[in-house]
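*Asks:* Residue numbers (the working numbering), protein chains in the order written: chain A, 481 to 824; chain B, 257 to 668.
Backbone N, C-alpha and C fix where the C-beta goes; we use that ideal spot for every residue, glycine too.
My questions will all concern the structure given below.
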Amino acid sequence: MLEPVENHNNQGNSNNKKKTILLVTNNIQHYQQNFNNYNIHNYNITLVNWNDILTFIIHFNHDNNERKNLELVILDISMPVAVEYTKVSQLYLTTTTTTTIKEIKKIFSDKRIFFLIPSQSMIEIFLSMEISKREDIRTQPFSVFDIIDLISTTKKKERLYQIQLHDHTIQTYSSMDDKIKDAIKFLKIGIKNNETTVLLLDKNIQESYLQSKMALHDIDISKFRNDKLLNISYSEDWYLLFNQKKGSNKTNTVRIDSEQVNIKWNSLIEESINNGKKGLRVFSMMDCFFEYGLVDELIDYECIRPPKLNKPCLAFCAYKDKHVAQLSEDQIRRLVLTHSSVWI
Amino acid sequence: MYYIRIIITLSPITQIQDKSHILGIYSSPQRKIEDGLEYLRIGFEERNEAILMITNELTKNEVRNEIMKNWKISSSEELANLEKNSIINIKSSTEIYFSTKRIDRNKISKQFSDLANKAITKEKRGLRAFGDVKIFFERGYGQYIIEFEKSSPASLDFPMTAICAYDLDDFDTLDHRSRKILFEHHNLHLTNNLFRNIFDDSFSKNTNEHICMYYENGSQYSAFPNSFVPSLLRYLGEGLQQNQFCIYISMHNMEKDHLKTILDQIPNIKKYPKNNIMVIKNSEDYYINAACNNLKPFEDLKRQIFEKAILDNIKEIRIVCDIPNFLFRNIHFDQCIALEEWWDQTIEELNKNHGLNVSLLCLYNSNNFQNTPFKYHRYRINDNHSIVCDSEGIVHSKYSAFGSLKDKRKDK
């Protein structure tokens with residue numbers, strides 16, 4: 481029988497150097513049986529019963545090493561958490577438990593806490609209880625592989641921070657608010673990176689509205705414009721060429737002015753570099769192409785730009801999810817293949 | 257009452273879709289002609305298609321004799337009449353491809369579309385063509401045919417169904433890039449008129465492949481799927497048999513009994529040098545780092561592979577990896593693609609710079625691709641592999657729907 485040759489990366493970690501995953505559950509036996517079948521090299525999984533969690537916390541609070549080694553916390557509320565539990569909208573939560581959860585969140589405020597609930601159908605109910613954010617909820621069945629994924633999720637940088645100059649990114653949105661939030665975050669990252677940001681807006685977003693939203697983040701639009709760090713325009717004005725006066729039959733009068741648009745991009749990139757910036761980052765809201773029936777032209781235009789751009793420019797294409805849902809399989813295929821980061 | 261479910265494998269050439277652009281690889285010239293004529297016979301007799309045979313292997317009269325022997329044509333007069341009406345077309349490779357001093361791509365394409373249009377006027381469904389491309393290799397134009405194929409879509413845009421017929425000996429001379437172009441520009445891949453399989457001879461000679469194997473696993477995703485175990489064992493077993501260095505990186509390596517179970521099932525495992533196989537036990541570190549955009553563990557692995565190859569004078573390497581599948585399943589799409597791109601570059605780099613032939617088998621659960629947003633990312637996965645196959649190793653077009661995998665094995 482062949483002896484497997486071990487890969488030696490990260491070997492030799494002694495137990496006390498291992499990071500800890502804390503899983504609070506009323507189903508310890510189930511998890512023990514399950515997890516015992518696996519070797520996880522750099523992590524210990526500590527299982528604690530809901531009834532014992534407060535005692536555990538007292539001990540934990542006195543041990544700096546344990547606190548330091550704790551990687552994340554998982555609260556399993558997919559099983560009854562007390563013998564005499566009350567079903568709150570089919571979630572097994574007692575008043576005592578919700579109080580305990582609040583206590584845990586306070587104690588572990590510096591740690592990422594995930595919630596494990598019985599099924600997908602209960603996510604909305606759970607969210608309405610305002611205990612957790614959507615991205616911190618997981619559902620049964622739950623395995624060792626899910627724990628590994630939670631570790632990576634905890635370590636992973638937020639994706640808007642991952643993209644950089646030369647990337648060509650597509651993201652879909654279901655709400656305008658989310659799109660504006662991301663546009664503002666996109667701008668903030670650009671300012672930090674010393675890159676010029678271009679925001680191309682949908683016509684239904686008033687600049688004054690954007691200004692008020694930015695003010696909430698202490699962003700002074702005019703200051704950043706003066707510093708050549710920000711340029712705001714409307715997508716429609718930037719991309720489209722209107723041959724006649726805009727009439728009721730918009731589709732026959734409009735086209736994408738690819739040549740002019742490229743000239744404008746190149747000149748902005750050059751200007752950005754000349755102004756001592758690292759490059760250009762563009763947040764484009766793409767609704768206008770759909771509103772004017774220019775879907776085929778849009779896909780062709782997108783495909784001119786490769787997944788990795790040659791020039792120091794980051795292109796972020798923000799679509800409405802309902803617009804992407806209208807596209808044919810082939811159009812989606814082309815769109816997906818021409819972007820380096822695809823968040824749809 | 258008992259219900260018996262029988263799965264039968266139908267011949268691929270009875271199921272070809274109209275306008276298909278097919279890559280055919282043949283183990284011998286004789287096999288090429290036999291299979292080519294059978295493919296054309298089905299078109300002529302069963303599908304009301306006009307046919308075009310292009311080859312230099314036989315003279316036109318020899319082709320006619322073969323047709324008279326095996327097709328439902330009663331007399332040589334009838335055959336002559338069919339030829340006169342362009343229903344049956346027999347051409348030499350020389351006259352189709354090399355009739356001018358310079359190979360004229362537009363002229364060649366026009367000949368095909370003219371014959372296809374003529375077939376329509378004769379109330380045929382279209383043209384079924386078999387094009388023997390051996391002449392390009394004989395005359396030193398191997399690269400030209402690749403460029404020619406590159407200009408043709410995977411599905412043709414006029415009423416013609418065509419097999420581009422390659423001899424295995426010629427196909428073997430093609431580099432990784434050329435073969436990738438051929439796979440991308442044909443929507444069906446056949447070997448001797450059978451669905452091409454990664455375990456065919458044509459694969460074992462060329463190990464520089466980045467293969468995407470889809471398997472079905474209806475049960476809980478954490479359970480190790482049995483559907484691809486025979487292929488996995490065969491893939492590793494064949495590698496060991498050919499004295500290749502084999503590496504197994506699976507998230508399931510975290511399971512205590514998994515490695516023993518897999519290794520024990522490889523036929524004659526005790527016969528092979530024990531250091532010819534490497535298994536990565538701490539696969540979770542690879543996963544966590546890859547999900548966080550850090551491919552350093554993989555870079556370290558590449559270095560280890562390279563050092564091992566130099567030390568043991570090994571030229572051929574086989575790798576099985578399912579980490580991208582887990583990244584994909586957990587919606588780390590960009591990280592999954594980044595890892596696949598890294599593998600692709602690594603295979604090329606090790607080959608170009610160090611003469612190592614690396615074949616990588618990536619395992620994906622096809623059930624993960626059913627819903628939005630997962631299904632959109634299938635195109636990215638397929639695009640990063642040179643070969644897409646099912647759990648039995650049967651090669652599929654990168655553009656075919658997953659349902660078509662089942663179509664090839666009809667339930668009765």
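DSSP state of Ile272/B, grouped into three classes?
*Replies:* If you number the second sequence from 1, residue 272/B lands on position 16. In the structure shown, Ile272/B sits in coil (DSSP, three-state: anything other than H, G, I, E or B).
*Asks:* Determine the extent of the beta strand (DSSP E) in which Thr417/B is found, giving its start and end residues.
*Replies:* The residue given as residue 417/B occupies position 161 in the second sequence. Its beta strand (DSSP E) spans residues 416-423.
*Asks:* Do Ile503/B and Met469/B count as a contact pair if the criterion is CB distance below 7 Å?
*Replies:* Taking the second sequence and counting its residues from 1, the one referred to as residue 469/B is at position 213. Taking the second sequence and counting its residues from 1, the one referred to as residue 503/B is at position 247. In this structure, Ile503/B does not lie closer than 7 Å to Met469/B by Cβ.
*Asks:* Taking the alpha carbon of Lys499/A as the reference point, which residue from Thr526/A, Asn507/A, Gln513/A has its own alpha carbon closest?
*Replies:* By one-based count along the first sequence, residue 499/A stands at place 19. Nearest option by C-alpha distance: Thr526/A.
*Asks:* Name, please, each residue of chain B whose Cβ falls closer than 8 Å to the Cβ of His521/A.
*Replies:* Mapped onto the first sequence, residue 521/A falls at position 41. Near His521/A (Cβ distances below 8 Å), the residues of chain B are Lys537, Asn538, Glu540, Asp541.
*Asks:* Using DSSP with H/G/I as helix, E/B as strand and the rest coil, what is Lys530/B?
*Replies:* Along the second sequence, read from residue 1 onward, the residue named residue 530/B stands at position 274. Note: Lys530/B maps to helix in three-state DSSP.
*Asks:* My output table needs one value for Ile380/B: the three-state DSSP class, helix, strand or coil.
*Replies:* On the second sequence, residue 380/B is found 124 positions in, with the first residue counted as 1. Checking the sequence, you will find Lys at residue 380/B rather than Ile. It is coil, neither helix nor strand.
*Asks:* Check whether the Cβ atoms of Ser365/B and Ile402/B sit closer than 7 Å, and answer yes or no.
*Replies:* Position 109 of the second sequence, counted from the start, is the residue given in the question as residue 365/B. Position 146 of the second sequence, counted from the start, is the residue given in the question as residue 402/B. Not a contact, by the Cβ cut-off of 7 Å.
*Asks:* For Met656/A, which residues does DSSP report across the bridge?
*Replies:* Start at 1 with the first residue of the first sequence, and residue 656/A comes out as number 176. None, per the DSSP bridge assignment.
*Asks:* Rounded to a whole number of angstroms, what is the C-alpha to C-alpha distance between Phe704/A and Thr677/A?
*Replies:* Here residue 704/A refers to the residue found at position 224 when the first sequence is read from its first residue. Here residue 677/A refers to the residue found at position 197 when the first sequence is read from its first residue. Distance between the alpha carbons of Phe704/A and Thr677/A is about 10 Å.
*Asks:* Who are the neighbours of Cys548/B on chain A, taking C-beta pairs under 8 Å?
*Replies:* As a working mapping, residue 548/B is identified with position 292 in the second sequence. Here the neighbours are Ser632, Lys635, Lys636, Lys637.
*Asks:* Take Ile454/B and list the residues in its own chain whose beta-carbon comes closer than 7 Å to its own, dropping the five residues that flank it on each side.
*Replies:* Counted from its first residue, the second sequence places residue 454/B at position 198. The answer, listed in chain order, is Ile467, Ile643, Cys645, Gly649, Val651.
*Asks:* Mind checking the stretch 632-646 of chain B against chain A and listing, in chain order, the residues whose C-beta falls within less than 7 Å of any C-beta there?
*Replies:* Tyr632, His633, Tyr635, Arg636, Asp639
*Asks:* Does the structure place the stretch 792-810 of chain A close enough to the stretch 644-659 of chain A that three or more beta carbon pairs sit under 8 Å?
*Replies:* yes
*Asks:* Rounded to a whole number of angstroms, what is the C-alpha to C-alpha distance between Arg814/A and His441/B?
*Replies:* As a working note, residue 814/A is residue 334 in the first sequence. As a working note, residue 441/B is residue 185 in the second sequence. Taking the straight line joining both Cα atoms gives about 16 Å.
*Asks:* Considering only DSSP beta bridges, list what Leu595/B is partnered with.
*Replies:* In the second sequence, counting from the first residue as 1, residue 595/B sits at position 339. For Leu595/B, which the question treats as bridged, DSSP gives no partner whatsoever.
*Asks:* Compare the C-beta of Met510/B with all C-beta atoms of chain A and state if any pair is closer than 7 Å.
*Replies:* Stepping through the second sequence from its first residue, residue 510/B is reached at position 254. Closer than 7 Å: yes.
*Asks:* Using a threshold of 7 Å, state whether the C-beta atoms of Ile269/B and Leu444/B are closer than that.
*Replies:* Your numbering for residue 269/B matches position 13 in the second sequence. Your numbering for residue 444/B matches position 188 in the second sequence. No; because the gap between Cβ atoms is not below 7 Å, this pair is not in contact.
*Asks:* Between Asn581/B and chain A, is the shortest Cβ-Cβ distance under 7 Å, so that the two count as touching?
*Replies:* Reading the second sequence from its first residue, position 325 is the one you call residue 581/B. No, because no Cβ of chain A sits closer than 7 Å to the Cβ of Asn581/B.
*Asks:* Per DSSP, what are the beta-bridge partners of Ile525/A in this structure?
*Replies:* Taking the first residue of the first sequence as position 1, residue 525/A is located at position 45. BP columns for Ile525/A point to Ile501/A.
*Asks:* Would you decide whether His697/A is buried or exposed? Buried here means 16 or more other CB atoms lie within 10 Å of its CB.
*Replies:* Start at 1 with the first residue of the first sequence, and residue 697/A comes out as number 217. Looking at its Cβ environment, which holds fewer than 16 other Cβ atoms inside 10 Å, His697/A is exposed.
*Asks:* With a 10 Å radius around its C-beta and 16 neighbouring C-beta atoms as the bar for buried, classify Asp456/B as buried or exposed.
*Replies:* Taking the first residue of the second sequence as 1, we reach residue 456/B at position 200. Buried: at least 16 other Cβ atoms inside 10 Å.
*Asks:* For Thr356/B, count neighbouring Cβ atoms within 10 angstroms of its own Cβ and tell me buried if that reaches 16, exposed if not.
*Replies:* Position 100 of the second sequence holds residue 356/B. Exposed.
*Asks:* Going along chain B in order, which residues have a C-beta closer than 7 Å to the C-beta of Ser821/A?
*Replies:* Here residue 821/A corresponds to residue number 341 of the first sequence, with the count starting at 1. Correct list: Asp590.
*Asks:* Should Pro523/B be flagged as near chain A, meaning a C-beta pair shorter than 7 Å?
*Replies:* As a working mapping, residue 523/B is identified with position 267 in the second sequence. For Pro523/B, the answer is no, since every Cβ of chain A falls outside 7 Å of its Cβ.
*Asks:* Kindly indicate which residue of Glu563/B, Tyr632/B, Asn549/B, Pro629/B has the alpha-carbon position closest to the one of Tyr598/B.
*Replies:* Sequence index remark: in the second sequence, residue 598/B carries index 342 (1-based). Position check: residue 598/B holds Trp in this sequence, whereas Tyr was assumed. For Trp598/B, the nearest C-alpha among the options comes from Asn549/B.
*Asks:* For Asn613/B, decide whether its Cβ has a neighbour in chain A, counting only Cβ atoms nearer than 7 Å.
*Replies:* Looking up residue 613/B in the second sequence gives position 357. No, no contact with chain A.
*Asks:* Mind checking if Ile669/A is an interface residue toward chain B, Cβ cutoff 7 Å exclusive?
*Replies:* Your numbering for residue 669/A matches position 189 in the first sequence. No, because no Cβ of chain B sits closer than 7 Å to the Cβ of Ile669/A.
*Asks:* Using 8 Å as the threshold, is the stretch 608-621 of chain B in touch with the stretch 567-577 of chain B, meaning 3 or more CB pairs across them?
*Replies:* yes
*Asks:* List the residues of chain B that Gln642/A touches, going by C-beta distances under 7 Å, in chain order.
*Replies:* Working through the first sequence from its first residue, we reach residue 642/A at position 162. Within chain B, the residues near Gln642/A are Asn549.
*Asks:* Which of the three DSSP states, helix, strand or coil, is assigned to Asp647/A?
*Replies:* By 1-based counting over the first sequence, the position of residue 647/A is 167. Three-state DSSP puts Asp647/A in a strand.
*Asks:* Answer yes or no: does any C-beta atom of chain A fall closer than 7 Å to that of Asn464/B?
*Replies:* For the purposes of this step, residue 464/B is taken as the residue at position 208 of the second sequence. It does not: the Cβ of Asn464/B has no partner Cβ on chain A nearer than 7 Å.
*Asks:* Count the other C-beta atoms from every protein chain shown that fall within 10 angstroms of the C-beta of Arg559/B, then say buried if there are 16 or more, exposed otherwise.
*Replies:* Your numbering for residue 559/B matches position 303 in the second sequence. With fewer than 16 other Cβ atoms within 10 Å, it is exposed.
*Asks:* Tell me the rounded alpha-carbon separation between Val563/A and Asp532/A.
*Replies:* Residue 563/A sits at position 83 when you count from the first residue of the first sequence. Residue 532/A sits at position 52 when you count from the first residue of the first sequence. Only weak support exists for where Val563/A lies, its pLDDT of 40 falling under 50; the value from the coordinates is given anyway. Val563/A and Asp532/A: Cα-Cα distance of roughly 14 Å.
*Asks:* DSSP on Trp327/B, reduced to helix/strand/coil?
*Replies:* To locate residue 327/B, count along the second sequence from 1; it is residue 71. If DSSP states are grouped into helix, strand and coil, Trp327/B belongs with coil.
*Asks:* With a cut-off of 7 Å, does the C-beta of Pro481/B fall near any C-beta of chain A?
*Replies:* Counting from 1 along the second sequence, the entry for residue 481/B is found at position 225. No, its Cβ sits nowhere closer than 7 Å to a Cβ of chain A.
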